[in-house]
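Peer 1: Next up is a structure, given as structure tokens.
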Amino acid sequence: MRAIQFARFGGPEVLEEAEVPDPVVGPGQVMVDVEAAGMNFADVRQISGHYSAPDALPHIPGNEVIGRDPRGRRVMGFTANGYASRAVLDEAEVVVVPDSLRPGEALALLVQGLTAWHLLRSSARLREGESVVVHSGAGGVGSLAVQLAKVFGAGRVIATASGQDKRSLARDLGADAAVDGSADGYAERVIEANGNLPVDIVLDAVGGEVFDAALTVLAPFGRLVTYGSSSGEPARPVDPGRLTAGNLAVLGFWLRPLRVRPEMIGPALGELLTLTATGRIRPLAGGEYPLAEAARAVADLAGRRTVGKVVLLP
Numbered sequence: 001m002r003a004i005q006f007a008r009f010g011g012p013e014v015l016e017e018a019e020v021p022d023p024v025v026g027p028g029q030v031m032v033d034v035e036a037a038g039m040n041f042a043d044v045r046q047i048s049g050h051y052s053a054p055d056a057l058p059h060i061p062g063n064e065v066i067g068r069d070p071r072g073r074r075v076m077g078f079t080a081n082g083y084a085s086r087a088v089l090d091e092a093e094v095v096v097v098p099d100s101l102r103p104g105e106a107l108a109l110l111v112q113g114l115t116a117w118h119l120l121r122s123s124a125r126l127r128e129g130e131s132v133v134v135h136s137g138a139g140g141v142g143s144l145a146v147q148l149a150k151v152f153g154a155g156r157v158i159a160t161a162s163g164q165d166k167r168s169l170a171r172d173l174g175a176d177a178a179v180d181g182s183a184d185g186y187a188e189r190v191i192e193a194n195g196n197l198p199v200d201i202v203l204d205a206v207g208g209e210v211f212d213a214a215l216t217v218l219a220p221f222g223r224l225v226t227y228g229s230s231s232g233e234p235a236r237p238v239d240p241g242r243l244t245a246g247n248l249a250v251l252g253f254w255l256r257p258l259r260v261r262p263e264m265i266g267p268a269l270g271e272l273l274t275l276t277a278t279g280r281i282r283p284l285a286g287g288e289y290p291l292a293e294a295a296r297a298v299a300d301l302a303g304r305r306t307v308g309k310v311v312l313l314p
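The opening residue of the sequence shown carries number 1 in full-length UniProt numbering; numbering runs sequentially from there.
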């Protein structure tokens, strides 16, 4: 089969196309002919050697695919080596996908959709009427978190984004306001966007100085949920006294541990598919790149030149 792999850590240039043996199908698994492989920012960090190092090199990256199984069903699910023309899925995790969904729309619900759902429901425990700040509101997770926050009853949703086009997109998706998300002047912009009031919830995958600034805008009993550090800046220590003074909470979220708890995957994904089918949320299908152009896709993803779910097409 055709695959994209890397034999050393680095930038997009370390990716190379290769002909490799088909993956081995184990008990309880199923082989799929890949229609599209989903891309995530975590892939960029893994290729660079800064995240979830593989057991051995060379390694085929990619954690999610959509394709056809031996029964002809169009299915998607998690995999270990997705940047390839064939992949193996755990049969218990396989989700049947309607043909009406573009591959990017469907795959957006798997990692980004489940992450956004659990950020709001399981971690932040959003209550009706609360205000929510979504960092990177035009990104994969952010664009769905903006929409889900409104569906789940948020009183006001404020998105941050780096450019005017992305801020306009966040407003089109339902954000009540969209502001520049850079650290300088962050607090003033966010509080003004919330009617000069502090906010109840911040969802942050930027980290660094933006994380620090986000802590300053929380209302009493406010929650900041961190689920990544795309800025690449060092992690910031949090003074417990700063939390107790405002009855604040800082929580972390990572999707991967939930995969061993199917009760936290199936119902959430079912709700996401229903919300999509009824038009209440709109997963953003982003760029579609040929598998052979994986390096260009990774470079665009790392350079924040993409919007929505980016996929590779074998």
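Glycine included, every Cβ here is placed at the ideal spot set by N, Cα and C.
Going by DSSP, name the residue or residues bridged to M76.
Peer 2: I66, V95
Peer 1: Please classify G49 as buried or exposed, where buried requires at least 16 other C-beta atoms within 10 Å of its C-beta.
Peer 2: exposed
Peer 1: Locate the alpha helix (DSSP H) running through G104, then write down its first and last residues.
Peer 2: For G104, the enclosing alpha helix (DSSP H) has its first and last residue at 103-108.
Peer 1: By a C-beta neighbour count over all protein chains shown, 10 Å radius and 16 as the cutoff for buried, is E64 buried or exposed?
Peer 2: buried
Peer 1: Use the C-beta contact count for R305: other C-beta atoms within 10 angstroms, 16 or more gives buried, fewer gives exposed.
Peer 2: exposed
Peer 1: Measuring alpha carbon to alpha carbon, tell me which residue in E288, F253, A294 is nearest H118.
Peer 2: With distances taken between Cα atoms, H118 lies closest to F253.
Peer 1: Can you grab the Cα-Cα spacing for the pair V260 / P103, in whole Å?
Peer 2: 25 Å
Peer 1: Which residues mark the beginning and the end of the alpha helix (DSSP H) in which V151 is found?
Peer 2: V151 -> alpha helix (DSSP H) spans 140-151.
Peer 1: Considering just the uninterrupted stretch of the beta strand (DSSP E) at D43, what are its terminal residues?
Peer 2: No beta strand (DSSP E) contains D43, which is instead part of the alpha helix (DSSP H) from 41-48.
Peer 1: Could you give the distance in angstroms between the alpha-carbon of R280 and the alpha-carbon of A124?
Peer 2: Their Cα atoms are separated by approximately 21 Å.
Peer 1: So, is R86 buried or exposed, given that buried needs 16 or more other C-beta atoms within 10 angstroms?
Peer 2: Per the 10 Å Cβ criterion, buried.
Peer 1: Taking only the alpha-carbon atoms, compute the straight-line gap between L269 and F41 and give it to the nearest angstrom.
Peer 2: 21 Å
Peer 1: How many Å lie between A277 and D55 at the Cα?
Peer 2: Going from the Cα of A277 to the Cα of D55 covers about 39 Å.
Peer 1: Just reading off the beta strand (DSSP E) that Y289 is part of, what are its end residues?
Peer 2: 285-290
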